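Participant: Attaching a single structure in structure tokens format; questions to follow.
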Amino acid sequence: MKPLVLCYHAVAPGEPQRLAVRRESLESQLRSLLRRGYVPASAADAVERRGRLFHVTFDDAYRSVADILPLLDELGVPATIFACASYARDGRPFDVPELRDDAAADPDAFATMDWGALRAVASAGVEVGSHTVSHPHLPQLSDAELDRELRDSRAELEDELGAPCRHLAYPYGEEDDRVREAVRRAGYDAAFAVDPRHERSDRFAVPRLAVYRHDTMVGFWLRTSPLLRGRR
């Protein structure tokens, strides 16, 4: 069975914004997996190994994610935060075109981690991976633009955090053959998509299950059931 990789974004104590989940919901979901025999694993293990393993990822590096990390540490659950290099330079609200109105209405909810905050979580043992420089739709870029987004982001993360940047998460979960080949050329070990029905065994399109505020516990249980996920 392939490991289960969860994709979260922001975490909120009260009513969450569009991409966030409630802290209480996230805790209930993780405790449910542990009770059901899922074993926490690193990102590398989620790529390389098989079995009833799970890994937790957070896209966009929202500041609110830092508040949930002590709980993950208590539960023994490794996490990877995927950060966009251009946002890490100043920690500004995550205002990609699709979320610009939401970010303007509630900038605190969309605030991102700057390099200082990312260094702090990295020093606490959380992996920080690349989410490109500016979070574009990668399949729409030219070859030169694509290479810049992938290479410049990885280089800046390594310079700022002083550690290898091995993993990438595709913005919007979007990838194709050309994008995956560019990721290989850019020197990443693996890359994560968002498509739980992915049939390929491709380390540059590792499927993740996206979790949002509307996911109920019953729905989460069903979506993470080995019987529904399959044992391939």
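Note that our numbering gives residue 185 to position 199 of the sequence shown, counting from 1, and the numbers run on in steps of one.
For each residue, glycine too, the CB sits at the ideal point set by N, CA and C.
Just so we're clear, the structure is a prediction, and the values are computed from it rather than from any experiment.
Given 8 Å as the limit, is there contact between the region 139 to 159 and the region 101 to 119, that is, 3 or more CB pairs closer than that?
Facilitator: Because the criterion of three Cβ pairs below 8 Å is met, the region 139 to 159 and the region 101 to 119 touch.
Participant: Are residue 124 and residue 132 close, meaning C-beta to C-beta below 8 Å?
Facilitator: The count along the sequence shown starts at 1 and reaches residue 124 at position 138. The count along the sequence shown starts at 1 and reaches residue 132 at position 146. Contact flag set, yes.
Participant: Since I believe residue 3 is in contact with residue 87 (beta carbons under 8 Å), could you give me their beta-carbon distance rounded to a whole number of angstroms?
Facilitator: Indexing the sequence shown from 1 puts residue 87 at position 101. Indexing the sequence shown from 1 puts residue 3 at position 17. Between residue 3 and residue 87 the Cβ distance is about 11 Å, and since that is not below 8 Å, they are no contact.
Participant: Using a Cβ cut-off of 8 Å (strictly closer), state whether residue 113 contacts chain D.
Facilitator: Of the protein chains in this structure there is only one, and it is not chain D.
Participant: If you follow the beta strand (DSSP E) that residue 116 is part of, which residue opens it and which one closes it?
Facilitator: Residue 116 sits at position 130 when you count from the first residue of the sequence shown. Looking at the DSSP string, the run of the beta strand (DSSP E) that includes residue 116 is 113 to 116.
Participant: Assuming residue 95 is part of the alpha helix (DSSP H), what are its boundary residues?
Facilitator: For the purposes of this step, residue 95 is taken as the residue at position 109 of the sequence shown. From DSSP, residue 95 is part of no alpha helix (DSSP H); its letter is neither H nor E.
Participant: Taking the straight line between their C-alpha atoms, what separation do you get for residue 14 and residue 203?
Facilitator: Counting from 1 along the sequence shown, the entry for residue 14 is found at position 28. Counting from 1 along the sequence shown, the entry for residue 203 is found at position 217. About 8 Å.
Participant: Start and end of the beta strand (DSSP E) containing residue 45?
Facilitator: As a working mapping, residue 45 is identified with position 59 in the sequence shown. Its beta strand (DSSP E) spans residues 39 to 45.
Participant: Could you tell me whether the Cβ atoms of residue 43 and residue 194 are closer together than 8 Å?
Facilitator: As a first step, residue 43 is located in the sequence shown; it is residue number 57 there, counting from the start. As a first step, residue 194 is located in the sequence shown; it is residue number 208 there, counting from the start. A contact, by the Cβ cut-off of 8 Å.
Participant: Less than 8 Å between the C-beta atoms of residue 154 and residue 130, yes or no?
Facilitator: As a working mapping, residue 154 is identified with position 168 in the sequence shown. As a working mapping, residue 130 is identified with position 144 in the sequence shown. Against a cut-off of 8 Å, the Cβ pair of residue 130 and residue 154 comes out as no contact.
Participant: Are three or more beta carbon pairs between the region 67 to 87 and the region 25 to 38 nearer than 8 Å?
Facilitator: In short, these stretches do not touch, since the Cβ pair count stays below three.
Participant: Taking the straight line between their C-alpha atoms, what separation do you get for residue 96 and residue 104?
Facilitator: In the sequence shown, residue 96 corresponds to position 110, counting from 1. In the sequence shown, residue 104 corresponds to position 118, counting from 1. Roughly 16 Å separates the two Cα atoms.
Participant: May I have the straight-line CA-CA distance separating residue 63 from residue 41, to the nearest angstrom?
Facilitator: As a working note, residue 63 is residue 77 in the sequence shown. As a working note, residue 41 is residue 55 in the sequence shown. The alpha-carbon atoms of residue 63 and residue 41 are separated by roughly 7 Å.
Participant: Tell me which same chain residues have a C-beta within less than 8 Å of the C-beta of residue 69, skipping the five on either side of it?
Facilitator: Position 83 of the sequence shown, counting from 1, holds the residue named residue 69. If we look at residue 69 and ignore the five residues flanking it on each side, its Cβ neighbours are 46, 47, 98, 99, 104, 114, 115, 116, 117, 143.
Participant: Leaving out five residues on either side along the sequence, give the residues of the same chain with a beta carbon under 8 Å from the beta carbon of residue 92.
Facilitator: Position 106 of the sequence shown, counting from 1, holds the residue named residue 92. Excluding sequence neighbours, residue 92 sits near 3.
Participant: Any idea if residue 110 is buried or exposed, counting beta-carbon neighbours within 10 angstroms, 16 or more meaning buried?
Facilitator: To locate residue 110, count along the sequence shown from 1; it is residue 124. Residue 110 should be labelled exposed.
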